[in-house]
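J.:
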Amino acid sequence: MNIAGSSNGRTSPFEGEYLGSNPGPAAMFSGFLYRGIAKKILFLFPADTIHELFLKIGKQLGRFSFVKDFLAKIWVYSNHILEQNLVGLTFKNPVGLSAGFDYNADLVEILPSIGFGFNTAGTLTYEAYKGNSPPMLSRLPKSKSLLVNKGFKNKGVTKILNNIKPNSNTLGISIGATNKPYSTFEEMVENLIEGFRDAENFNNFFYYELNISCPNLQNIQNLNNKLDSPSGLKQALDKLETLNIKRPVFIKMPLERTEEDIKELIDVARPFSFIKGLIFSNLVKDRTNPAFNIEEVKKAGKGGFSGKPVEEKSNQLLRFAYKLCHDRFLLIGVGGIFTAEDAYKKILAGASVVQLITGMIFMGPQQIGLINKGLVTLLKKDGYKNIREAVGAQT
Ligand SMILES: Cc1cc2nc3c(=O)[nH]c(=O)nc-3n(C[C@H](O)[C@H](O)[C@H](O)COP(=O)(O)O)c2cc1C
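Here my numbering = 1-based position in the sequence shown + 11.
(1) Does DSSP put residue 279 in a helix, a strand or coil?
(2) Pull up the distance between the alpha-carbon of residue 29 and that of residue 288, whole angstroms please.
(3) Can you check DSSP and say which residues form a bridge with residue 140?
(4) Hey, is residue 110 close to ligand 1, as in C-beta under 7 angstroms from one of its heavy atoms?
(5) In angstroms with no decimal places, state the Cα-to-Cα distance between residue 50 and residue 43.
(6) Helix, strand or coil for residue 68? Go by DSSP, reduced to three states.
(7) Exposed or buried, what is residue 153 when buried is set at 16 or more other beta-carbons lying within 10 Å of its beta-carbon?
(8) In the DSSP assignment, the beta strand (DSSP E) including residue 220 goes from what residue to what residue?
(9) Would you say the beta carbon of residue 317 is closer than 7 angstroms to some non-hydrogen atom of ligand 1?
(10) If we ignore side chains and look at the alpha-carbon of each, how far apart do residue 110 and residue 222 end up?
(11) Is the distance from the Cβ of residue 205 to the Cβ of residue 167 below 8 angstroms?
(12) Just to confirm, does residue 163 get its C-beta within under 7 angstroms of one of the non-hydrogen atoms of ligand 1?
(13) In terms of residues, what are the limits of the beta strand (DSSP E) holding residue 96?
(14) Out of curiosity, what's the CA-to-CA distance linking residue 334 and residue 282?
(15) So, with DSSP's three-state summary, where would you put residue 31?
(16) What would DSSP say about residue 287, mapped onto helix, strand or coil?
(17) Run the CB neighbour count on residue 343, radius 10 Å, all protein chains shown included, and call it buried at 16 or more, exposed below.
(18) How is the alpha helix (DSSP H) around residue 208 delimited, first residue to last?
(19) Starting from the C-beta of residue 22, find all residues in its chain whose C-beta is less than 7 angstroms away, skip the five residues before and the five after it, and write them out in chain order.
(20) Over the uninterrupted alpha helix (DSSP H) stretch that includes residue 326, give me the two end residues.
(21) Would you mind working out which of 355, 369 and 367 sits nearest residue 389, comparing C-alpha positions?
(22) From what residue to what residue does the alpha helix (DSSP H) around residue 378 run?
(23) Hey, how far is the Cα of residue 236 from the Cα of residue 35?
(24) If you measure from the CB of residue 300, is any heavy atom of ligand 1 nearer than 7 angstroms?
(25) Are the stretch 168–176 and the stretch 126–136 touching, with three or more C-beta to C-beta distances below 8 angstroms?
(26) Does the distance from the CB of residue 291 to the CB of residue 328 come in under 8 angstroms?
(27) Starting from the C-beta of residue 395, find all residues in its chain whose C-beta is less than 6 angstroms away, skip the five residues before and the five after it, and write them out in chain order.
(28) Which value, in whole angstroms, describes the spacing of the CA atoms of residue 296 and residue 317?
(29) Let's test the definition: count the other Cβ atoms within 10 Å of the Cβ of residue 75 and tell me whether it reaches 16, buried, or not, exposed.
(30) Within 10 Å of its beta-carbon, does residue 381 have 16 or more other beta-carbons around it, so buried, or fewer, so exposed?
(31) Let me check you understand the geometry: is the CB of residue 344 closer than 7 angstroms to at least one non-hydrogen atom of ligand 1?
(32) Report the CB separation of residue 294 from residue 260 in whole angstroms; it is logged as a contact under 8 angstroms.
(33) Please list, in chain order, all residues of the same chain as residue 38 whose beta carbon is under 7 angstroms from its beta carbon, the five residues on each side excluded.
(34) DSSP on residue 268, reduced to helix/strand/coil?
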């Protein structure tokens, strides 16, 4: 399969070097304000409270065109070197918002003005879930990580998709099984499929992520099979195939697996033509990961960790997957991206596009434009004329 999707002959809407503005001094200054003042205040309050506050403010601000225009002017960076058409999707730049931050799709209107090239809402589930018992989110600043224990808190697929206005942004939704007790694995798979069935009634998004790898689903952990085992994934994909989904589906892969385990999952996914991509990867659970500050992680509560502790292993699996199947699957890199150099490392390791959450929280929202701008500098320095040429160059 050719993952490049520019075969529709459409003229690129992104011609010309700069489209938005060029995040220069204003973006640098907002980064300085965020890290020097705003973050210091925000980090005094519980992470859950601040996350909810950001979602509320972001949702309201997204209603005003003048706010979006202003933010785009200072933060968005556009350059045709970063533009790609892949698996039928337009990526105006390769930096996306990863699943989990915008779990009820409140930020769909505002995110393009922050500078993201694409964004995933969710993980959404067939039924609403109020979230695991708090705290659902906390910070590990020394480890550059967040502790996540939301367990797919969300209002449910139909309610959320009913509230998204169609727009031209490359929006995707992540779907998982509702976090509730099931008597059998098959019952859980059925719930997952019902989520997709509901989502198929809507045309206001462009791709799916199939989340098989959330480590925080206590209700689902004791079933006789798992979605991220080869036989469990095969059962889910066999069922999903019956829905005849036309939009690309990307599988969100687990992190703490051997290359052999990942190969088995890839072998299962390969024959299913609606699976167009693989995302490396979800959260880390292992507290002995060397990227943690030992004292900090000792005090952490329940959950999985994002950020720097994810980075090395997810890059390793990405590199492995590139060698194995880059001609079959679009590869998406996620985990520990804070700077343009971090994003570039994933691109060289085989990611066509990347996603992040934690880097934005620690560095500030201006960082998305600055990462894009930095990527252009890095690509040019290495003599690449388009990001596509750099994908997998160091595998
Ligand atoms: C607050 C938060 C919530 C998350 N929730 C989800 C989720 O619902 N579904 C999912 O696939 N991944 C979820 N993740 C994992 C992220 O999508 C991503 O894979 C991981 O955080 C690594 O990227 P980062 O280091 O840039 O944060 C969540 C991460 C964070 C920080």
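Backbone N, C-alpha and C fix where the C-beta goes; we use that ideal spot for every residue, glycine too.
T.: In terms of the structure at hand:
(1) Looking at residue 279 - three-state DSSP - the assignment turns out to be helix.
(2) Residue placement at residue 29 is poorly supported in this model, since its pLDDT is 37, which falls under 50; the coordinates still yield a value, given next. Residue 29 and residue 288 have their alpha carbons spaced roughly 29 angstroms apart.
(3) Beta-bridge pairing by DSSP links residue 140 to 165.
(4) Answer for residue 110: yes, Cβ within range of ligand 1.
(5) Distance between the alpha carbons of residue 50 and residue 43 is about 10 angstroms.
(6) In the three-state scheme derived from DSSP, where H, G and I count as helix and E and B as strand, residue 68 is classed as helix.
(7) Residue 153 is exposed by the Cβ-count criterion.
(8) Residues 218–222.
(9) At least one heavy atom of ligand 1 is found less than 7 angstroms from the C-beta of residue 317.
(10) Taking the straight line from one Cα to the other gives about 9 angstroms.
(11) No.
(12) Remark: the shortest separation between the CB of residue 163 and any heavy atom of ligand 1 falls under 7 angstroms.
(13) Where residue 96 is concerned, the enclosing beta strand (DSSP E) stretches over 95–97.
(14) Computed Cα separation, rounded: 18 angstroms.
(15) At residue 31 the pLDDT is 45, less than 50, meaning the model places this residue with poor confidence and gives no usable figure here.
(16) Residue 287 falls in the strand class under three-state DSSP.
(17) Buried is the call here.
(18) Counting along the chain, the alpha helix (DSSP H) containing residue 208 begins and ends at 196–210.
(19) Unreliable positioning characterises residue 22 in this predicted model, as indicated by a pLDDT of 31, which lies under 50. The coordinate reading is nonetheless provided below. The beta carbon of residue 22 is closer than 7 angstroms to none in its chain, skipping five residues each way along the sequence.
(20) Annotation for residue 326: the continuous alpha helix (DSSP H) segment containing it runs 319–336.
(21) Residue 355 holds the alpha-carbon nearest to the alpha-carbon of residue 389 among 355, 369 and 367.
(22) Residue 378: member of the alpha helix (DSSP H) spanning 378–392, first to last residue.
(23) Computed Cα separation, rounded: 51 angstroms.
(24) Every heavy atom of ligand 1 is 7 angstroms or more from the Cβ of residue 300, so no.
(25) At 8 angstroms Cβ cutoff, the stretches touch.
(26) It is a contact, given that the beta carbons lie within the stated cut-off.
(27) The beta carbon of residue 395 is closer than 6 angstroms to those of 401 in its chain, skipping five residues each way along the sequence.
(28) So the alpha carbons of these two residues sit roughly 9 angstroms apart.
(29) When all chains shown are included, residue 75 counts as exposed.
(30) Buried is the call here.
(31) Outside the cutoff, so no.
(32) Wrong, their Cβ atoms sit about 21 angstroms apart, outside the cutoff.
(33) Within its own chain, the residues whose Cβ lies closer than 7 angstroms to the Cβ of residue 38, once the five positions on either side in sequence are excluded, are 85, 86, 377, 380 and 381, listed in chain order.
(34) DSSP places residue 268 in coil when its eight states are reduced to three.
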